[in-house]
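All residue numbers for the sequence shown refer to my numbering, where the first residue is 84 and numbers rise by one.
Think of the CB as a built atom: it goes at the ideal place given N, C-alpha and C, for glycine as much as any other residue.
All figures in this text were calculated on a predicted structure; none of them were measured in a lab.
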Amino acid sequence: MSERGNFGTKIGVILATAGSAVGLGNIWRFPYMTGQDGGAAFIIIYLVCVLILGIPGMVAEFVVGRHSGANAARAYYNIGGRKWSLLGYGGAITSMIIFGFYSVVAGWCLQYLFASTMGQLNGDVTYVQHYFKTFSSDPLKPLFWTVAFIIMTHLVVVKGVRKGIERASNILMPTLFILLFIIVVASCMLPGTKSGLEFLFKPDFSKVTRSVFLDALGQAFFSLSLGTACLCTYASYFNRQTNLVKSAVQIAGIDTLVAILAGLMIFPAAFSVGVRPDSGPSLIFITLPAVFQQAFAGMPVLGYIIGVFFYGLLVLAALTSTISMHEIGTALFYEELHLSRSKGAWIETIVCIIIGVFCSLSCGAVDITVFGKSFLNFCDFITSDILLPLGAFFTCVFVGWYVPKNIVKDQITNWGTISSRLYGIWLFVVRFICPICIGSVFLHQLGII
Ligand code: PHE
84 MSERGNFGTK IGVILATAGS AVGLGNIWRF PYMTGQDGGA AFIIIYLVCV LILGIPGMVA
144 EFVVGRHSGA NAARAYYNIG GRKWSLLGYG GAITSMIIFG FYSVVAGWCL QYLFASTMGQ
204 LNGDVTYVQH YFKTFSSDPL KPLFWTVAFI IMTHLVVVKG VRKGIERASN ILMPTLFILL
264 FIIVVASCML PGTKSGLEFL FKPDFSKVTR SVFLDALGQA FFSLSLGTAC LCTYASYFNR
324 QTNLVKSAVQ IAGIDTLVAI LAGLMIFPAA FSVGVRPDSG PSLIFITLPA VFQQAFAGMP
384 VLGYIIGVFF YGLLVLAALT STISMHEIGT ALFYEELHLS RSKGAWIETI VCIIIGVFCS
444 LSCGAVDITV FGKSFLNFCD FITSDILLPL GAFFTCVFVG WYVPKNIVKD QITNWGTISS
504 RLYGIWLFVV RFICPICIGS VFLHQLGII
């Protein structure tokens, strides 16, 4: 345990955990799910999921993590014994699968950073669509960027918790926020954005199909990094003063704001330039180049600079998320297998490279399909729509019903030093509302209710 660190400052805790939450989940996945699932109605269901299931679920993971101050498997083991430690191991496996496919998308961002720097993305929408298709189905290029991205993550993680993660998040998060804001304004000033804004804000509940509920729930958990034991691992580095409830609310607030900003950045522009909102995972990659060109048509240099900066920050936002995914496995391997931190990190890195390679190749270069989905889409689906909700469900059951009440109360009230007003409501939600709602969404998806 000697290599364990603590997050140095109060704001460092929030920013690093928010750095884990904010990433491609907000800027790439949220717009594409919203586009596929019908717009505003999906967003409303998503917001309800964040509020009543996401925030209480985050607090539950924090409780387990900070109480134990150990890796995810040990954290659950310390309180619940062997059986419950499976939740920690399960979370580590889920996060490895996410890390694998996430790195492919982060690799696409790296390629876009390179291409926009070289001025290769200048052209109309048809050109950019063709560019994306040709690039993503190439056998070698995306593979190279995927592996490069995983190695980048590896290098940050072996540098240690405080130095690597905290320092990076302190600068990146606020910068990303400002840039997003500028692009939203530019995107909304394009001609013909009214239907894009209506798509985002005018709900049409007739578009809500059976799968929209599970998609919204999965997206909420994915975006908050909930259900993978990632929050539990980060909370093990929190200090005794961190207010768990307040932190969860702040992080969920930042995360949701970034997702909505991403929606505002993509949809007005997509409708303006004629990209279909249900274009799937390629949505932001075919819409954004058009924004940078057309919204800044009068000032091409500014468009160029903003484009390059944006892809750069997107890569860094993805990095602060993959650092947290990587940390779950690394902490678990080095503490449980008694290895050095660097060896633990290598195991995680190698497994994720293998998953990443298959995901990357499945995007067109080689036919790797599972249940009719490309391997990348399958990994995305199985984690977001099944493993994360299951992880969150069992975490809530564990914290609500099995963890001794004195431990839970100490964690929520910081050993009696802060108000316990919310304790009763939160406990009720975690014991009843979360398991019932998550369970019902599953049963609804299966057609049972
Ligand atoms: N929340 C991250 C994002 O939105 C993804 C993530 C999922 C990170 C699970 C850690 C664990 O990009």
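Residue i: CB within 6 angstroms of a non-hydrogen atom of ligand 1
i: LEU107; result: yes
i: ALA104; result: yes
i: ILE334; result: no
i: MET116; result: no
i: MET408; result: yes
i: ILE367; result: no
i: CYS313; result: yes
i: ILE181; result: yes
i: SER330; result: no
i: SER467; result: no
i: SER270; result: no
i: SER319; result: no
i: SER404; result: yes
i: SER306; result: yes
Inter-residue spacing [alpha-carbon to alpha-carbon] between residue i and residue j
i: PRO286; j: ARG165; result: 46 angstroms
i: GLU203; j: THR292; result: Inspection of the sequence shows that residue 203 is occupied by Gln rather than by Glu. Taking the straight line joining both Cα atoms gives about 39 angstroms.
i: ILE508; j: ILE138; result: 12 angstroms
i: PRO360; j: ILE369; result: 11 angstroms
i: THR405; j: CYS442; result: 16 angstroms
i: PHE264; j: VAL482; result: 38 angstroms
i: ILE343; j: THR413; result: 32 angstroms
i: LYS242; j: MET408; result: 15 angstroms
i: PHE454; j: ASP468; result: 15 angstroms
i: ALA378; j: ASN497; result: 49 angstroms
i: CYS192; j: ASN489; result: 46 angstroms
i: PHE354; j: GLY390; result: 20 angstroms
i: LEU314; j: GLU144; result: 6 angstroms
i: LEU399; j: LEU98; result: 14 angstroms
i: ILE126; j: LEU283; result: 8 angstroms
i: LEU136; j: TRP111; result: 22 angstroms
i: LEU402; j: GLU281; result: 33 angstroms
i: MET84; j: LEU273; result: Model confidence at MET84 stands at a pLDDT of 37, short of 50, so the residue's coordinates are unreliable; what they give is reported in the following sentence. For MET84 and LEU273, the distance between alpha carbons rounds to 54 angstroms.
i: LYS426; j: TYR417; result: 7 angstroms
i: LYS456; j: THR500; result: 51 angstroms
i: GLN212; j: GLY206; result: 10 angstroms
i: LEU420; j: PHE458; result: 30 angstroms
Minimum C-alpha distance to residue i - residue among the options
i: GLY183; options: LEU473, THR466, GLY530, VAL513; result: THR466
i: ILE233; options: GLY439, ALA400, VAL295; result: GLY439
i: ILE516; options: TRP484, VAL491, PHE260; result: TRP484
i: LEU371; options: THR325, TYR160, THR452, TYR210; result: TYR210
i: THR177; options: ARG504, CYS462, VAL512, LYS492; result: CYS462
i: ALA104; options: ASP338, GLY474, LEU396; result: ASP338
i: CYS520; options: ASN253, VAL133, LYS216; result: VAL133
i: TYR317; options: VAL434, VAL187, LEU385, ALA175; result: ALA175
i: MET348; options: ILE334, ILE367, GLY357, ILE433; result: ILE367
Inset, instruction - Report yes or no: do three or more beta-carbon pairs, one from the region 299-311 and one from the region 472-485, lie closer than 8 angstroms? - result: Touching, yes.
Legend entry - Cβ contact check for the region 216-226 and the region 266-275: 3 or more pairs under 8 angstroms: Taking a cut-off of 8 angstroms on C-beta distances, the region 216-226 does not touch the region 266-275, as fewer than three cross pairs fall below it.
Inset, instruction - Examine the Cβ distances between the region 325-337 and the region 151-169 and report whether three or more of them are shorter than 8 angstroms. - result: In short, these stretches do not touch, since the Cβ pair count stays below three.
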